[in-house]
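Under the working numbering, the residues of the sequence shown are numbered 353 to 395, in order.
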Amino acid sequence: MLRHEYDNILDETTWAIVTQHLPPLLTELETFLARYPEDQETL
Numbered sequence: 353m354l355r356h357e358y359d360n361i362l363d364e365t366t367w368a369i370v371t372q373h374l375p376p377l378l379t380e381l382e383t384f385l386a387r388y389p390e391d392q393e394t395l
């Protein structure tokens, strides 16, 4: 959806993604990375 229509995206949509969807994703990524601390230097 966001890939090719940047000029048609409402500010509210962008803000919702940043405030509602990115924080849970960050939490999931941190949890995933914590499982493999030895690989962190190669990421």
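The C-beta atom is built at its ideal place from N, Cα and C for all residues, glycine as well.
Being a predicted model, the structure only gives us computed values, none of them experimental.
N-terminal and C-terminal residue of the alpha helix (DSSP H) that residue i is part of
i	result
Leu385	Leu374 to Ala386
Thr365	Asp363 to Ala368
Minimum Cβ-Cβ distance from residue i to chain C less than 8 Å
i	result
Val370	No chain C is part of this structure, which consists of one protein chain only.
Supposed contact pair residue j and residue i - C-beta distance, whole angstroms, cut 8 Å
i	j	result
Gln392	Leu381	In fact, because the Cβ distance is near 12 Å, the residues do not count as touching under 8 Å.
Same chain, Cβ closer than 7 Å to residue i, five either side skipped, listed in chain order
i	result
His356	none
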